[in-house]
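Take a look at the structure below.
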Amino acid sequence: MPLFLLGIIGKTKAAFAGRVGPPLLQPTFDVIKLLRKGLIFSRTTTWVFRAGPIVSLVTALFAATLIPLGTHAAPISFEGDLVLFAYLFGLGRFFTVAAALDTGSAFEGMGGAREVTFSCLTEPALFFALIVLTRLSGSLSLSMMIGPGMGQAWHFGGASLVLVAASLFIVLLTETCRIPIDDPTTHLELTMIHEVMVLDHGGPALGIIHYAAALKLFVLGAVLVRIAVPYTGSPWASWGVFALGMMALAVLIGIVESTMARLRMAQVPILLLAACLLSAFGIVLVAR
Amino acid sequence: MNEWLVMTGAFLAAASGVPGLWTDRRGTRGERIFAALMVVASLCGLTGAALAVARGSHGLDLAWPVPGGRFAIRLDGIAALFVIQIFAIAGLGAIYGLGYWKQSEHPRDGRKLRLFYGLMTAGMALLVCARNTMLFMAGWEIMAAAAFLTVSTQDEQKSVRDVGYVYMAATRLATLCLFALFAVLFASTGTFDFAATRPITGGAATAILLLSIVAFGLKAGLMPMHVWLPGAHASAPSHVSALMSGVLIKMGIYGFVRTFSFFPHPPLWWGQLVLLLGVASGVLGVAFAIGQHDFKRLLAYHSVENIGIICMGLGVALIGRTLGSSALVALGLGGALLHTWNHGLFKGLLFLSAGSVLHSTGTREIDELGGLSKRMPWTAFAFLVGAVAICGLPPLNGFVSELFVYLGLFETARLPQSDLWLTGALGAPALALIGALALACFVKAFGAMFLGEPRSHRTDASHEASPWLLGPMAILALLCAFIGLLPWLVTPVLDSAVATWAPELASSHARLTTLAPLSWVSFLAVSLAMLLAFAALMVRRHLHQRPAEQAGTWDCGYVAPGPTMQYSSSSFAQTLVGIFSWALRPKVHNPDTRGFFPHKDAYTSHVDDVVLDSVLIPAAELGSRAAKRMKWLQRGSMQAYLLYILLTLIVLFLWR
Numbered sequence: 001m002p003l004f005l006l007g008i009i010g011k012t013k014a015a016f017a018g019r020v021g022p023p024l025l026q027p028t029f030d031v032i033k034l035l036r037k038g039l040i041f042s043r044t045t046t047w048v049f050r051a052g053p054i055v056s057l058v059t060a061l062f063a064a065t066l067i068p069l070g071t072h073a074a075p076i077s078f079e080g081d082l083v084l085f086a087y088l089f090g091l092g093r094f095f096t097v098a099a100a101l102d103t104g105s106a107f108e109g110m111g112g113a114r115e116v117t118f119s120c121l122t123e124p125a126l127f128f129a130l131i132v133l134t135r136l137s138g139s140l141s142l143s144m145m146i147g148p149g150m151g152q153a154w155h156f157g158g159a160s161l162v163l164v165a166a167s168l169f170i171v172l173l174t175e176t177c178r179i180p181i182d183d184p185t186t187h188l189e190l191t192m193i194h195e196v197m198v199l200d201h202g203g204p205a206l207g208i209i210h211y212a213a214a215l216k217l218f219v220l221g222a223v224l225v226r227i228a229v230p231y232t233g234s235p236w237a238s239w240g241v242f243a244l245g246m247m248a249l250a251v252l253i254g255i256v257e258s259t260m261a262r263l264r265m266a267q268v269p270i271l272l273l274a275a276c277l278l279s280a281f282g283i284v285l286v287a288r
Numbered sequence: 001m002n003e004w005l006v007m008t009g010a011f012l013a014a015a016s017g018v019p020g021l022w023t024d025r026r027g028t029r030g031e032r033i034f035a036a037l038m039v040v041a042s043l044c045g046l047t048g049a050a051l052a053v054a055r056g057s058h059g060l061d062l063a064w065p066v067p068g069g070r071f072a073i074r075l076d077g078i079a080a081l082f083v084i085q086i087f088a089i090a091g092l093g094a095i096y097g098l099g100y101w102k103q104s105e106h107p108r109d110g111r112k113l114r115l116f117y118g119l120m121t122a123g124m125a126l127l128v129c130a131r132n133t134m135l136f137m138a139g140w141e142i143m144a145a146a147a148f149l150t151v152s153t154q155d156e157q158k159s160v161r162d163v164g165y166v167y168m169a170a171t172r173l174a175t176l177c178l179f180a181l182f183a184v185l186f187a188s189t190g191t192f193d194f195a196a197t198r199p200i201t202g203g204a205a206t207a208i209l210l211l212s213i214v215a216f217g218l219k220a221g222l223m224p225m226h227v228w229l230p231g232a233h234a235s236a237p238s239h240v241s242a243l244m245s246g247v248l249i250k251m252g253i254y255g256f257v258r259t260f261s262f263f264p265h266p267p268l269w270w271g272q273l274v275l276l277l278g279v280a281s282g283v284l285g286v287a288f289a290i291g292q293h294d295f296k297r298l299l300a301y302h303s304v305e306n307i308g309i310i311c312m313g314l315g316v317a318l319i320g321r322t323l324g325s326s327a328l329v330a331l332g333l334g335g336a337l338l339h340t341w342n343h344g345l346f347k348g349l350l351f352l353s354a355g356s357v358l359h360s361t362g363t364r365e366i367d368e369l370g371g372l373s374k375r376m377p378w379t380a381f382a383f384l385v386g387a388v389a390i391c392g393l394p395p396l397n398g399f400v401s402e403l404f405v406y407l408g409l410f411e412t413a414r415l416p417q418s419d420l421w422l423t424g425a426l427g428a429p430a431l432a433l434i435g436a437l438a439l440a441c442f443v444k445a446f447g448a449m450f451l452g453e454p455r456s457h458r459t460d461a462s463h464e465a466s467p468w469l470l471g472p473m474a475i476l477a478l479l480c481a482f483i484g485l486l487p488w489l490v491t492p493v494l495d496s497a498v499a500t501w502a503p504e505l506a507s508s509h510a511r512l513t514t515l516a517p518l519s520w521v522s523f524l525a526v527s528l529a530m531l532l533a534f535a536a537l538m539v540r541r542h543l544h545q546r547p548a549e550q551a552g553t554w555d556c557g558y559v560a561p562g563p564t565m566q567y568s569s570s571s572f573a574q575t576l577v578g579i580f581s582w583a584l585r586p587k588v589h590n591p592d593t594r595g596f597f598p599h600k601d602a603y604t605s606h607v608d609d610v611v612l613d614s615v616l617i618p619a620a621e622l623g624s625r626a627a628k629r630m631k632w633l634q635r636g637s638m639q640a641y642l643l644y645i646l647l648t649l650i651v652l653f654l655w656r
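Protein chains in written order, with the working numbering: chain B, 1 to 288; chain E, 1 to 656.
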């Protein structure tokens with residue numbers, strides 16, 4: 001499913017450009033092809049470089065186990081799992097950036113610096129959003145916060161949920177390195193973030209990184225879709241609604257990517273600050 | 001029994017440097033006696049504190065011929081927690097000193113350093129056990145004076161002397177406020193003992209809060225009273241920095257915890273003020289850290305940040321006590337105290353590994369290093385463990401204590417009072433910001449120091465540290481992992497401290513194991529660690545079957561990439577320093593390279609301490625100019641001073 005979403009984004013972009021586009025499963029094929037290839041390491045690197053992809057995959061997998069899909073509770077859920085959710089991505093980020101710095105390349109250092117800089121602005125936005133959800137649901141567990149009570153929450157705090165959803169969408173675009181913050185299709189420019197950090201990874205390592213990135217998109221997307229589509233019906237129908245919602249999100253990302261240009265680097269912090277302020281306004285609206 | 005053990009430990013620590021004074025100037029006997037005595041002292045102290053946690057403490061009360069003073073000692077939950085921290089870090093630091101500050105390499109100042117290192121440890125142990133203000137002051141002053149002398153170990157250097165004077169001024173001011181604080185305490189309770197029964201209310205309570213914020217905030221390094229801290233931590237020998245950053249500044253936190261425990265019903269604004277101070281200290285501390293190029297100064301600013309996180313926890317606990325919520329008290333205070341421990345562990349680890357880098361390369365400049373993980377793999381691993389822990393990332397100990405504080409903050413966000421939950425709810429994003437900034441800073445420091453290619457010839461002669469240095473680092477790293485993986489084993493200590501702090505809430509059975517999802521955290525941390533280890537094994541097998549090719553870094557096809565083209569610590573931090581430039585006031589020299597033939601130039605950026613360099617030093621200069629008018633009073637003759645004393649005494653007698 002995570003790689004399938006990338007396929008949908010690709011199709012959407014192709015449709016906007018008037019092309020047929022690669023098959024929906026093309027990202028999956030790419031990853032399988034990469035996994036079969038041999039590895040090549042720079043002489044500068046150490047074990048930290050090899051650890052980067054593994055840690056980012058393992059942390060994304062752990063984060064995925066905390067996420068409720070539709071009305072179904074997550075496999076692992078407890079009071080306070082939202083903090084773990086955010087910090088798991090932090091651990092992944094630490095090792096991805098450390099792996100980038102391990103190559104000793106100016107380009108990868110640049111990408112790493114941007115990654116950690118922008119995450120300093122997305123993390124507060126995420127926590128502002130989580131507080132709004134805590135306030136509305138009265139729970140500290142993701143499965144309860146965006147679980148069955150979502151319809152009720154829209155009834156009480158619809159306005160702030162709109163703001164939270166908008167803010168989380170910007171967070172999602174940043175964290176998954178999409179236009180207008182980053183451009184996932186190229187890496188040879190001085191302006192890229194994520195793709196430039198993984199320049200020296202190849203073969204299976206690159207395949208793992210692609211899969212982990214897709215998983216991150218899926219996990220963050222699942223939170224956003226659940227907030228935006230608070231359907232509470234029969235379990236089977238909720239699976240369907242959730243899957244449709246995810247596909248709609250992928251199409252939306254594709255549309256954003258096709259219709260917008262990437263922002264200049266200096267303007268990205270302003271956009272992210274806007275995301276923080278949006279969710280902070282969300283708090284103000286539920287502060288009654 | 002427990003008290004006697006701890007006091008024996010304190011006495012042995014105080015005496016540990018004395019035999020060395022009579023030993024050979026270049027021999028190893030003195031330093032070995034010192035290390036052995038410090039280890040025995042630590043074991044005594046740790047045993048005593050552990051027994052006190054397990055069986056409780058009856059206290060010790062001896063006569064002491066000081067006006068108002070009694071030798072009253074009691075190892076309650078809070079004191080035991082701090083005693084454990086003091087002796088653990090001090091003992092490990094003493095072993096580290098055997099390899100780091102060898103007598104044969106430092107014949108001039110080695111003996112002085114060891115003498116005052118032991119005295120500082122003893123002073124701290126005394127002050128946390130003291131139940132009497134006079135005894136507390138005695139411990140406090142021994143600690144402060146010994147710390148001044150250890151900071152200025154290399155007093156032949158002017159920069160070290162300057163740093164020492166700044167510390168001296170700060171600690172004098174703290175003591176002055178402490179005198180005022182205890183005077184107010186005496187005036188409102190009528191006793192010099194801590195076990196006061198009379199409630200303190202009104203103006204006296206407010207005065208005590210404000211005085212304690214200055215007195216203990218100065219010691220703890222709370223922004224903006226942190227001015228002495230970056231220089232002192234950077235200039236002191238690294239195991240002293242570890243002891244100061246890991247333990248000494250926590251004496252300020254101990255002071256806060258002890259003082260706040262006198263107030264069963266603090267006003268709401270107390271908690272909010274402490275929380276706000278914590279947020280300011282946390283965010284600005286880490287922002288200043290990002291701008292540093294000296295890795296020991298960088299670590300020092302992170303102490304300011306972590307003190308901020310601890311104060312956020314204290315703020316939550318105070319709010320909880322106002323509301324009578326035992327959950328908030330347990331989470332806030334438990335988080336604050338566990339973070340006090342954790343910070344001692346990972347900051348000790350970071351200072352010790354930074355010290356081994358300094359010992360091996362002779363520079364504190366991050367931008368002169370690089371690629372050290374190949375030459376010093378174990379030091380690099382130790383620094384990495386400390387860095388992951390200080391960023392609060394799972395599965396290490398920093399995550400557990402930050403989780404407690406987060407849970408406390410989110411808990412306030414669930415409260416129905418809307419004015420209240422806002423303060424708590426704005427704290428959580430602030431803590432998230434602090435965490436993200438700390439991550440940026442430590443990725444920068446670890447990457448620039450240990451990864452990539454060497455940036456200068458400083459690293460040519462570097463070598464892995466000796467076992468004396470690596471041993472204490474390994475123990476600290478294991479302790480970081482231990483608390484991260486099995487946090488439920490240390491919560492009984494925290495629960496007993498919480499029960500001591502707020503006895504009126506102790507009956508409500510708010511235990512940290514039930515309030516926080518510790519079994520889940522423990523389970524997930526262990527499985528995360530195991531999965532990572534498993535994945536590492538798989539990669540190893542895969543590489544064994546199909547060896548990877550070796551090549552140069554690709555660098556986008558650039559033909560001749562050089563080590564100076566790597567991202568340096570300043571370039572890595574440039575955007576973040578720019579975002580925080582309103583507070584950091586970085587001094588940037590950005591050369592104009594337009595035109596066809598730009599002349600040779602370099603970009604530099606430097607972040608000074610704004611409070612010290614732009615506010616305090618100009619203010620102090622103004623003050624000293626004004627003080628020159630009073631010069632005629634200072635005649636320099638003994639008779640004149642005796643006359644002043646006599647006149648003052650007469651005035652005092654008349655006034656009474």
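For glycine and all other residues, C-beta sits at the position ideal for the given N, C-alpha and C. Since the structure is predicted, the reported quantities are computational estimates derived from the model, not experimental observations.
- A residue is called buried when at least 16 other Cβ atoms come within 10 angstroms of its Cβ; F179 (chain E) does not meet this threshold and is exposed.
- Taken atom to atom, the span from the alpha-carbon of L576 (chain E) to that of A448 (chain E) is near 16 Å.
- As summarised for the segment 75-117 of chain E, there are no continuous beta strand (DSSP E) elements at least 3 residues long confined to that stretch.
- Going by beta carbons, L135 (chain E) and F71 (chain E) fall inside the 8 Å limit.
- Contact check for L333 (chain E) against R458 (chain E) fails: the beta carbons are separated by 8 Å or more.
- Taking C-beta separations shorter than 6 Å and ignoring five residues to either side along the sequence, the partners of M145 (chain B) in its chain run L133, S137 and S139, following chain order.
- Residue range K158 to T189 is occupied by the alpha helix (DSSP H) that includes V184 (chain E).
- For K600 (chain E), the secondary structure class from DSSP, reduced to helix, strand or coil, is coil.
- If you look at F256 (chain E), you'll find it in the alpha helix (DSSP H) that goes K250 to F260.
- Non-local C-beta neighbours of A80 (chain E) in its own chain, meaning closer than 6 Å and more than five positions away in sequence, comprise A49, A52 and V53, ordered along the chain.
- Taking a beta-carbon distance threshold of 8 Å, A536 (chain E) counts as an interface residue toward chain B.
- By the Cβ criterion, the segment 336-347 of chain E is in contact with the segment 242-253 of chain E, since at least three pairs of Cβ atoms, one from each stretch, lie closer than 8 Å.
- Taking 8 Å as the cut-off, the Cβ atoms of R43 (chain B) and A551 (chain E) count as close.
- Looking at the backbone, the Cα of L528 (chain E) and that of T28 (chain E) are separated by about 45 Å.
- For G392 (chain E), the chain B residues whose Cβ falls inside 7 Å of its Cβ are Y87, in order along the chain.
- Per DSSP, the continuous alpha helix (DSSP H) segment holding D495 (chain E) begins and ends at T491 to W501.
- Taken atom to atom, the span from the alpha-carbon of R178 (chain B) to that of L531 (chain E) is near 30 Å.
- At a C-beta separation below 7 Å, F128 (chain B) has these neighbours in chain E: P429.
- Counting only the Cα atoms, M538 (chain E) lies some 11 Å from Q545 (chain E).
- Interface flag for F410 (chain E) against chain B is set, since a Cβ pair is found closer than 8 Å.
- Against chain E, the CB of I131 (chain B) has a partner CB under 8 Å away; the residue lies at that interface.
- Counting C-beta pairs closer than 8 Å gives three or more between the segment 381-401 of chain E and the segment 435-445 of chain E, which meets the contact rule.
- Legend: CB atoms of the segment 495-525 of chain E lying less than 8 Å from CB atoms of chain B belong to residues A516, P517, W520, V521 and L524.
- In the structure shown, the three-state DSSP call for L60 (chain E) is strand.
- With three or more CB-CB distances shorter than 8 Å, the segment 191-203 of chain B counts as touching the segment 27-39 of chain B.
- Under the three-state reduction of DSSP output, N132 (chain E) falls in the strand class.
- A distance below 8 Å separates the beta carbons of F87 (chain E) and S42 (chain E).
- For the C-beta of E175 (chain B), not a single chain E residue is nearer than 8 Å; the gap to the nearest is close to 12 Å.
- For L69 (chain B), the three-state secondary structure derived from DSSP is strand.
- Interface annotation for the segment 89-110 of chain B against chain E: G90, L91, R93, F94, V97, A98, L101, D102, T103, G104, S105, A106, F107, G109 and M110, criterion Cβ-Cβ distance under 7 Å.
- Residues of chain B whose Cβ lies closer than 8 Å to the Cβ of G435 (chain E) are, in chain order, Y87, G90 and E123.
- In the structure shown, the three-state DSSP call for Q267 (chain B) is helix.
- Taking the beta carbon of I40 (chain B) as reference, the chain E residues within 7 Å of it are A548, E549 and A551, listed in sequence order.
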